[in-house]
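Same order as they appear, the protein sequences are chains A and B.
Going by the numbering used here, the first residue of the first sequence is number 1, and it counts up by one from there.
Going by the numbering used here, the first residue of the second sequence is number 1, and it counts up by one from there.
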Amino acid sequence: MSDLNTQLLEAHQRGDGAELSSLYVDAAHAALEARAKCFYLTHAYVFALEAGLSAAEEIRKQLVALGAEPKI
Amino acid sequence: MPTTDTSLMNVRQSIEHANGLPNAHYIDPSLHSEENQALFMDGWCGLAVAADVPEPGDAQPITFLGMPLLLLRGKEGTVRVFQNTCRHRGMILVEEPRKIEGAIRCPYHSWCYSTQGKLVSTPHVGGPGQNQAEGIDRDTLGLVEIRSHIWMDVVWINISGTAAPFEEVNANLIARWSEFNKPLYHGGADSQFQLEVNCNWKLAVENYCESYHLPWVHPGLNSYSRLEDHYHIEEPGQYSGQGTLVYRQLKNEKGEQFQDFDKLSDKWDTAAEYIALYPNVLLGVHRDHAFAIVLVPQGPERTIENIHLYYAQPDSSPELRAENTALWKTVFKEDIFVVEGMQRGRHAPMFDGGRFSPAMDGPTHMFHDWVAARMQTYCGQAQAAE
């Protein structure tokens, strides 16, 4: 996780939304608690939305399934 | 509380007896604020041009009358104007002109908006990892849209949202220039420029809509466009300006000319018209090009003029466009010493607004009359409210 933290900080520094989204998905997968998973997935979703990534829709569905995001 | 100025009644007399607007309308910050309310908020005014955001996702923040606005072309191509503030904590959303790739993310707590202004994400609004909360209805929390309309590529806004539809308010001018109701192609980077002038925005309008000054301030026009070749354009309460009967097309050394707009009547072979559509947009039409100048007040004594030139075809000659831009830039720069000189003149305490030439200043007086009428209405409303 510390490696992931470093990568996240670097991606934030660069403002690399696609990389941030991808790394936060990784963080979500590594999270043990549901709330932490939702937290990271939310970040992944936001950066995917901002960057206009097609992955955003899949992440949104995951958040909806977890009860973290409203159904459309 | 707005000032009630009896001298406004002087302004509204017939031109033979009228005085111009008093000095305070050009130099007093509080009156400037009142004018912003009275002249800009309730009606339609110019903000920008659609060509400022040519591609889907293009966003341009604009501070207009102190308000942070966002000009945005949605992914589907529609140009809209929003308040440039997040519905959460009022944070400014877009600081610099840029392309929105996906959504607008507020840099504070990352609430996200689509390019149509819809609120699409409210991260952690219900606590960590919970993106929904009671009372946070995304459908009612989109970006606040400012009513807008595009005509002659100008983005017109009605800030109060209470004006009659743009086409209704401006039916007369739209009909007058119906022959130009066809695609206008912005010339691109070589066909736009900005002038910053140290004057009240109204002086730019006043100078633009009269031809009286042309032989003195623009001697270069004199050789082919004499004073007697011009006529007044006057539509009380709406617009005023001037026309010429001897417009001559630009021709470069290679003999190239711009293509004409399609199907113009014979009148436009040699005619051109220059109209100030109140309050703040100066428009010009010719057989082969048009232009729009959007005046953006920067306080009582400073104005930004954003100038854009348009052509009948998308593939006009870049060299010819550059030459035409240079020509107009010369003309508009020649006016700067006049409007700045009049501005400095407004600090002379005994200046009484000045007198008008009954023969030559009709369009300018018409603008003053419009300002005075709007101010009287505004003062009356404010007094009634008290």
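For every residue, glycine included, the Cβ atom is placed at its ideal position computed from N, Cα and C.
Beta-carbon spacing of residue i, residue j below 8 Å
i        : j        : result
Val154/B : Val246/B : no
Cys82/A  : Gln130/B : Missing from the structure shown is residue 82/A; chain A here goes from 1 to 72 and no further.
Arg287/B : Leu264/B : yes
Thr404/B : Cys199/B : Outside the shown range of chain B (1 to 386) lies residue 404/B, about which nothing can therefore be said.
Pro279/B : Leu39/B  : yes
Gln238/B : His230/B : no
Ile136/B : Phe82/B  : no
Ala18/A  : Ala28/A  : no
Gly90/B  : Tyr113/B : no
Tyr398/B : Ala290/B : Residue 398/B lies beyond the residue range present for chain B, which begins at 1 and ends at 386; the question has no answer from this structure.
Phe64/B  : Val205/B : no
Gln298/B : Ile307/B : no
Ser21/A  : Ala51/A  : yes
Ala31/A  : Leu66/A  : no
Val331/B : His218/B : yes
Pro123/B : Thr42/A  : yes
Leu72/B  : Thr85/B  : no
Gln259/B : Lys251/B : no
Ala373/B : Arg87/B  : no
Ser316/B : Gly127/B : no
Gln376/B : Leu21/B  : no
Val46/A  : Ser121/B : yes
Leu203/B : Met342/B : yes
Option nearest residue i by Cα separation, candidates the options
i        : options                                   : result
Asp335/B : His347/B, Gly220/B, Tyr311/B and Gln381/B : Gly220/B
Asp139/B : Pro128/B, Leu119/B and Cys112/B           : Leu119/B
Trp370/B : Trp216/B, Ser240/B and Asn200/B           : Ser240/B
Pro23/B  : Arg344/B, Ile233/B and Arg87/B            : Per the sequence shown, residue 23/B should be read as Asn rather than Pro. When each option's Cα is compared against that of Asn23/B, the closest is Arg344/B.
Gly353/B : Ala276/B, Asn19/B and Phe82/B             : Asn19/B
Pro97/B  : Asp52/B, Trp216/B, Met366/B and Ala164/B  : Asp52/B
Glu253/B : Glu319/B, Asp190/B, Ala204/B and Ala312/B : Glu319/B
Ile157/B : Trp216/B, His186/B and Arg80/B            : Arg80/B
Thr162/B : Ser148/B, Glu386/B and Ala50/B            : Ser148/B
Ala276/B : Pro61/B, Ser14/B and Gly362/B             : Gly362/B
Pro165/B : Pro215/B, Gly188/B and Cys45/B            : Cys45/B
Ile159/B : Gln37/B, Tyr185/B and Val49/B             : Gln37/B
Trp389/B : Asp260/B, Leu227/B, Pro123/B and Glu340/B : One cannot answer for residue 389/B here, as it falls past the ends of chain B, which runs 1 to 386.
Ala272/B : Ala384/B, Trp151/B and Ser211/B           : Ser211/B
Phe367/B : Val144/B, Phe337/B and Pro236/B           : Pro236/B
Ala175/B : Gln194/B, Trp151/B, Leu8/B and Met342/B   : Trp151/B
Glu167/B : Lys267/B, Val285/B and Gly43/B            : Gly43/B
Glu285/B : Gly57/B, Asp266/B, Phe261/B and Glu301/B  : A small correction: the amino acid at residue 285/B is Val; Glu does not occupy that position in the sequence shown. Val285/B has its Cα closest to that of Phe261/B, out of Gly57/B, Asp266/B, Phe261/B and Glu301/B.
His387/B : Ala322/B, Glu301/B, Val338/B and Gln383/B : The structure shown does not extend to residue 387/B, since chain B spans only 1 to 386, so no value can be given for it.
Phe193/B : Lys329/B, Gln116/B and Tyr108/B           : Lys329/B
Val197/B : Cys106/B, Pro349/B and Phe337/B           : Phe337/B
Leu283/B : Cys106/B, His109/B and Val49/B            : Val49/B
Tyr185/B : Leu203/B, Ala312/B and Glu228/B           : Ala312/B
Ile27/B  : Pro56/B, Phe351/B and Gln383/B            : Phe351/B
Gly57/B  : Thr115/B, Glu95/B, Ala292/B and Ser14/B   : Thr115/B
Neighbouring residues, chain B, relative to residue i (Cβ below 8 Å)
i       : result
Glu57/A : Near Glu57/A there are no residues of chain B at all, since even the closest Cβ is about 11 Å away, more than 8 Å.
Val46/A : Arg105, Ser110, Cys112, Ser121 and Pro123
Leu49/A : Gly102, Ala103, Arg105, Cys112, Val120 and Ser121
Chain-ordered chain A contacts of residue i [CB-CB under 7 Å]
i        : result
His124/B : Thr42
Asn131/B : Thr42, Leu63, Ala68 and Glu69
Chain-ordered chain A contacts of residue i [CB-CB under 9 Å]
i        : result
Pro215/B : Result: empty, since nearest Cβ-Cβ is about 56 Å, beyond 9 Å.
Gly142/B : The premise fails here: Gly142/B is roughly 15 Å from chain A at the closest Cβ pair, so nothing lies under 9 Å.
Pro128/B : Arg35, Ala36, Cys38, Phe39 and Thr42
Within chain B, the residues that residue i reaches when beta carbons sit closer than 7 Å
i       : result
Gly52/A : Glu101 and Gly102
Near the ligand FMN: residue i beta-carbon under 7 Å from a heavy atom
i       : result
Ala68/A : Summarising the ligand content, the structure contains no ligands, and the ligand FMN is consequently not present.
Within the stretch 146-214 of chain B, ranges of the alpha helix (DSSP H) (whole runs, at least 4 residues): 166-169, 171-176 and 201-208
Cβ pair count under 8 Å reaching 3, the stretch 168-179 of chain B against the stretch 62-71 of chain B: no
Meets three-Cβ-pair contact criterion under 8 Å: the stretch 96-109 of chain B and the stretch 49-68 of chain A: yes
Touching by the beta-carbon criterion (3+ pairs, under 8 Å), the stretch 26-39 of chain B and the stretch 356-363 of chain B: no
The stretch 72-92 of chain B touching the stretch 175-184 of chain B, judged by at least three CB pairs closer than 8 Å: no
In chain order, each beta strand (DSSP E) run of at least 3 residues that lies wholly inside the stretch 251-332 of chain B: 272-277, 281-285, 289-297 and 303-311
Whole alpha helix (DSSP H) elements within the stretch 12-72 of chain A, 4-residue minimum: 17-30, 34-51 and 55-65
Contained alpha helix (DSSP H) runs [length at least 4] in the stretch 12-84 of chain B, N- to C-terminal order: 24-27 and 29-35
Residue ranges of each alpha helix (DSSP H) within the stretch 351-386 of chain B, 4 or longer: 362-385
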